[in-house]
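S.K.:
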Amino acid sequence: MFDLECIVYPYGGFPLFALERYRFIDKYLDEKKQVEVHALSELLDVSEVTIRRDLEKMEKNGLLVRTHGGAVRIEEEAGDSPEPDNQFTDREGNAVHLELIQEIAATAARLVMDGDTIMLFSGPLCRALARQLQDKQSLTILTNDIDIASGFSRSGNKRLVLLGGDLNPDERAVFGTLTMDDLQRFHVDRLFTEVDGCGKNFELSVHTQEKAMLVREGRQRTEEFVILCLASGFEKSAFYSFGSARSGDLLVTDRTVPDEIKQRFFDANLRMYTAPDIFEGAV
Amino acid sequence: MTTECRVFELKNVSKRFNESFALDTINLSLLSGEVHVIIGENGSGKTALLRLMAGLYAPDSGKFFYNGQEQQFQGFSQARQLGIMYRPQEPQLFDNLSIAENLFFDHLPRNKLSGLDTIRLYDKTKKLLTELGITLNPQALAGTLGYAQRQLLEAAKACIGNNALVALDEPTASLAEPEREILFSIVRRLRESGASIVYVSHRLDEVLKIGDKVSVMRHGKIVDTMPIENIDKSSLVHRMTGELMTERYPRFTVPKGNALLEVQNLHSGHILRGVTFTLKKQEILGITGLMGSGRTRLAQCLFGAVEPSRGTILLDGKPVRFRSPQDALNRGIALVPEDRVENCILRSQDLVLNLTVASLRRFKKTTGLDSAHMFSLVKDYSDRIGLRPGKPGDYPEFYSGGNQQKVSVARWLAKRSRIYIFDEPTKGIDASSKVDVYNAISDMVSKGASVILVSSDMEEILGMCDRVLVLTGGKIVCDLPRDKVTQEQILEYATGEEE
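Chains as they are written, first to last, in numbering that gives the first Met the number 0: chain Z, 0 to 282; chain B, 0 to 498.
1) Closer than 8 Å, CB to CB, is Z/G69 near chain B or not?
2) Shorter than 8 Å from the beta carbon of Z/L63 to some beta carbon of chain B?
3) Within 10 Å of its beta-carbon, does B/S234 have 16 or more other beta-carbons around it, so buried, or fewer, so exposed?
4) Name the residue from B/A99, B/G82, B/V197 whose alpha carbon lies nearest to the alpha carbon of B/K45.
5) Touching or not, the stretch 218-238 of chain Z and the stretch 252-271 of chain Z, by the rule of three or more beta carbon pairs under 8 Å?
6) Is Z/S243 helix, strand or coil by DSSP?
7) Give the residues of chain Z in contact with B/T433, contact being defined as C-beta atoms less than 8 Å apart.
8) Apart from the five residues just before and just after B/G285, which ones in its own chain have a Cβ nearer than 6 Å to its Cβ?
9) Please identify, using Cβ separations under 7 Å, the residues of the stretch 390-402 of chain B that lie next to chain Z, in order along the chain.
10) Could you pull the DSSP bridge partners for B/Q70 from this structure?
11) With B/K255 as the anchor, note down where its alpha helix (DSSP H) starts and where it stops.
12) Can B/H201 and B/I159 be called in contact, C-beta distance under 8 Å?
13) Please give me, in chain order, every unbroken run of the beta strand (DSSP E) with length at least 3 that falls completely inside the stretch 376-423 of chain B.
14) From the DSSP secondary-structure annotation, give me the bridge partner or partners of Z/E202.
15) Taking the beta strand (DSSP E) that Z/L97 falls in, what are its first and last residues?
16) So which residues of chain B does Z/F278 contact, with C-beta pairs closer than 8 Å?
17) Contact defined as beta carbons within less than 8 Å: I believe B/S195 pairs with B/V12. What is the distance between those atoms, to the nearest angstrom?
18) Can the beta-carbon of Z/Y21 be found closer than 8 Å to that of B/F374?
19) Sorted by chain position, which residues of the same chain lie with C-beta nearer than 6 Å to B/E8's C-beta, five sequence neighbours on each side aside?
20) Ignoring anything shorter than 3 residues, give me the beta strand (DSSP E) runs that lie fully in the stretch 282-309 of chain B, in order along the chain.
21) Could you give the C-beta distance for B/G32 and B/R190, rounded to a whole number, given that I count them as a contact under 8 Å?
22) Compare the C-beta of B/R330 with all C-beta atoms of chain Z and state if any pair is closer than 8 Å.
23) Given a threshold of 16 other Cβ atoms within 10 Å of its Cβ, counted over all protein chains shown, does B/G472 qualify as buried or as exposed?
24) Answer yes if the stretch 239-248 of chain Z comes into contact with the stretch 213-228 of chain B, meaning at least three C-beta pairs across the two stretches below 8 Å, and no otherwise.
25) Consult DSSP for Z/V111 and reduce its assignment to one of helix, strand or coil.
26) Measure from the alpha carbon of Z/R153 to the alpha carbon of each residue in Z/N143, Z/R130, Z/P168, Z/F174, then state which is nearest.
27) If you measure between the beta carbons of B/V335 and B/F421, is that distance less than 8 Å?
28) Could you tell me whether the Cβ of Z/S154 comes closer than 8 Å to any Cβ of chain B?
29) Answer yes or no: does any C-beta atom of chain B fall closer than 8 Å to that of Z/A77?
30) Is Z/Q262 close to chain B? Criterion is C-beta to C-beta, closer than 8 Å.
31) Determine the direct distance from the alpha carbon of Z/V71 to that of Z/D29, and round the result to whole angstroms.
32) Looking at chain Z, is there any beta carbon in it that lies within less than 8 Å of the beta carbon of B/N17?
33) Return helix, strand or coil for Z/I260, following the three-state DSSP convention.
34) What are the complete alpha helix (DSSP H) segments, minimum 4 residues, inside the stretch 309-344 of chain B?
35) Within the stretch 121-159 of chain Z, note down every full alpha helix (DSSP H) run reaching 4 residues or more, in order along the chain.
36) With a cut-off of 8 Å, does the C-beta of Z/M57 fall near any C-beta of chain B?
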């Protein structure tokens, strides 16, 4: 049976109020993954009606999903149901919340000023960023990603330059010497690229050699270098390195990034955006 | 200065306070009849060093020598017996005792029956005060004195008895020119009597005026000690600062809106003397200045915690008057205060209440509070601001300083105000919490809020703010955009003499 002792109240007392019951149910769910109404009713010494009402309210606030006779965590539910929209699988097969990707993209989009010339390299984070850029005025966008290019093909107030080269069907982007040659002609305000690994000494790496070469070349042709990286990419190496993050580079990651990484970046005078997306706007 | 007698010596003294602050291998020797000035930025460890010398802290390692003999300090009273006198920055007087009694508290004159010899007490006091040029009635109660007079009195105490070492912590922080002169005369008098004086100051002009030797402190270390003849002002400023890291602050370039908050000729007692500035929408305005320059009072005035004595505050172009913080909150101004333990964390209350207490109105429903909504908001906020583990049932009083500060910031973010005043938002917290706080500030500015960042951390001011104001002696002496101002300039403005 669930151990009551594991809920520690520094000031003593039992879960009597609604708020304390929510906390209890939440903790119970953390450990057991599912709750039953009659078990909770016994544990908390309240009627089943009260528990049902609690679960109903918690469901309304997105804390759990009710089932017959109990409730489960939302994550579990999402895993079972065919809802690929709020999940994204990275290269290693780890599920990443789409929300985190969107928050990275929204934060990176704030770095783009109206009238900028920017370069977006291929990848899911950059594609999410491109979607966030629809409202910006008079941008010039260079890209090697055909999905990004087609996304902007109908927006009138932006200029789009699609780099040429050999198409890589897996990446849905062009690479190779043709692309590198094309790149020689441009200089941009900001280059956005996503990396698959960021090592202990801020070494940045990607999964393919052709992308590493492209990024290395692109880095010479930009004023500001913006690195997009999921928190899962830290302390990892993705084999093809293209250099280290330097002071002056901007790194955008999601809010699940561990504290030690934040500290290490701060101490090295590297700018890190953690995309907290916490402020709900003034009222 | 004829007798080269080493009164006091510290050899390789270290003391660790917390993960971000420590005194590191301090070597210092103090001679009799010499004024040794210690300068450094806020938080460089000057006060901590004085307190160590006065026996208030025990060092972790290192040796003390007093008159050539090694000493193990057992505490403050033993240091006093050896003739070490420490005068803290805040005057500590007994309000219900007279000036004379306060002055001679440790040396009260006794008559033959060992009762208090009042006549001699007042006589001696009168004589001393006249010598020092202080015009005060010895019989008046200390509680009736103004702040500057209290500071002078505190310094005058050092003239009584036999003090071999006098440590003064920023004795002139809020003194005007005539009072400063009196204080200098006290210091000179002590020097002539053969005492060794350690004098902590922020102000470079003072250093040149009364110092014999100068030590510069930075990050808990003494980086340089030199005689006064060898220095000039600009090299001193340079030594105080060191290398700057301003790239690491996650700021956005946001187009600024119209003027949102205009402060005109704001006065508050003797602390603020005509402050004028404008805050634009979506701007981060940095206000810096030395201790005692009126930074915190300014924040309090804008938040309605203290009512200004003169001047106008315009919000959206209309004059407003805040009689209480409630007024300011209703108008959309929030203050994240400096001292999170004192002014923010609710003891014996869990994270849910600590995060929602400022915004309870959001959770109101006909039968009371919507606890389920509160609960889910707390989970969401603590996750987003990086509180780890951040369980709703936690008690924030047991959190680390950084996590407590994040609780404080998140609480006011939930209030959804238009203008946020941050008073020293990252003082004494770890680097990863700083990253979280800065990202939260950037997030709110990019979503339409405006921020006044009051700070003494120069890197933070230069790294985060769009515009920098320097407050000196209750006035704004510098108002420049971020890219037009350097740390040297700010320090020079902040330490400069008042007109």
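Glycine is no exception: its CB is placed at the ideal position from the N, C-alpha and C atoms.
M.R.: Short version:
1) Numbered from 1 along the first sequence, position 70 holds the residue referred to as residue 69 of chain Z. No, Z/G69 does not count as interfacial toward chain B.
2) The count along the first sequence starts at 1 and reaches residue 63 of chain Z at position 64. No - not a single Cβ of chain B is within 8 Å of the one on Z/L63.
3) Looking up residue 234 of chain B in the second sequence gives position 235. Exposed: under 16 other Cβ atoms inside 10 Å.
4) Taking the second sequence and counting its residues from 1, the one referred to as residue 45 of chain B is at position 46. Ranking the options by Cα distance to B/K45, first place goes to B/V197.
5) yes
6) For the purposes of this step, residue 243 of chain Z is identified with residue 244 of the first sequence, where counting begins at 1. Strand, per DSSP.
7) Position 434 of the second sequence, counted from the start, is the residue given in the question as residue 433 of chain B. The sequence as given places Lys at residue 433 of chain B; Thr does not occur at that position. Those are F265, listed as they occur along chain Z.
8) Within the second sequence, residue 285 of chain B is the residue found at index 286, counting from 1. Within the same chain, B/G285 has close Cβ partners L452, I460, C464, V467.
9) P391, G392, Y394
10) The residue labelled residue 70 of chain B in the question sits at position 71 within the second sequence. Paired residues: B/F63.
11) By one-based count along the second sequence, residue 255 of chain B stands at place 256. No alpha helix (DSSP H) contains B/K255, which DSSP labels as neither H nor E.
12) By 1-based counting over the second sequence, the position of residue 201 of chain B is 202. By 1-based counting over the second sequence, the position of residue 159 of chain B is 160. No, Cβ-Cβ distance for B/H201 and B/I159 is not below 8 Å.
13) 418-422
14) One-based indexing of the first sequence puts residue 202 of chain Z at position 203. Z/E202 is bridged to Z/S243.
15) As a working mapping, residue 97 of chain Z is identified with position 98 in the first sequence. Element bounds for Z/L97: not the beta strand (DSSP E) but the alpha helix (DSSP H), 97-108.
16) To locate residue 278 of chain Z, count along the first sequence from 1; it is residue 279. In chain order: L412, R415, A439, D442, M443, K446, A448.
17) On the second sequence, position 196 is the one that residue 195 of chain B refers to. On the second sequence, position 13 is the one that residue 12 of chain B refers to. That pair is no contact at about 17 Å.
18) Within the first sequence, numbered from 1, the residue matching residue 21 of chain Z stands at position 22. Within the second sequence, numbered from 1, the residue matching residue 374 of chain B stands at position 375. In this structure, B/F374 lies closer than 8 Å to Z/Y21 by Cβ.
19) Translated into the one-based positions of the second sequence, residue 8 of chain B becomes position 9. Contacts found: S28, F64.
20) 283-288
21) On the second sequence, position 33 is the one that residue 32 of chain B refers to. On the second sequence, position 191 is the one that residue 190 of chain B refers to. With 8 Å as the limit, B/G32 and B/R190 qualify as a contact, their Cβ atoms being about 6 Å apart.
22) As a first step, residue 330 of chain B must be located in the second sequence, where it is residue number 331. Not a single CB atom of chain Z sits nearer than 8 Å to the CB of B/R330.
23) On the second sequence, position 473 is the one that residue 472 of chain B refers to. Burial call: buried.
24) no
25) In the first sequence, counting from the first residue as 1, residue 111 of chain Z sits at position 112. Residue state, collapsed to three classes: coil.
26) One-based indexing of the first sequence puts residue 153 of chain Z at position 154. Answer by Cα proximity: Z/R130.
27) Position 336 of the second sequence, counting from 1, holds the residue named residue 335 of chain B. Position 422 of the second sequence, counting from 1, holds the residue named residue 421 of chain B. Yes, the Cβ-Cβ distance between B/V335 and B/F421 is below 8 Å.
28) The residue you call residue 154 of chain Z lines up with position 155 of the first sequence. Closer than 8 Å: no.
29) The residue labelled residue 77 of chain Z in the question sits at position 78 within the first sequence. Because the pLDDT of Z/A77 is 43, which lies under 50, any placement of that residue in the model is unreliable, and the question is left without a value.
30) As a working note, residue 262 of chain Z is residue 263 in the first sequence. Between Z/Q262 and chain B, the shortest Cβ-Cβ separation is below 8 Å.
31) What you label residue 29 of chain Z is simply residue 30 of the first sequence in a count that begins at 1. What you label residue 71 of chain Z is simply residue 72 of the first sequence in a count that begins at 1. If I take the Cα positions, the gap works out to 10 Å.
32) Counted from its first residue, the second sequence places residue 17 of chain B at position 18. For B/N17, the answer is no, since every Cβ of chain Z falls outside 8 Å of its Cβ.
33) One-based indexing of the first sequence puts residue 260 of chain Z at position 261. In the structure shown, Z/I260 sits in a helix (DSSP, three-state: H, G or I).
34) Counting only runs of 4 or more, we get 324-329, 339-342.
35) 123-131, 145-151
36) Stepping through the first sequence from its first residue, residue 57 of chain Z is reached at position 58. Output row for Z/M57: interface = yes.
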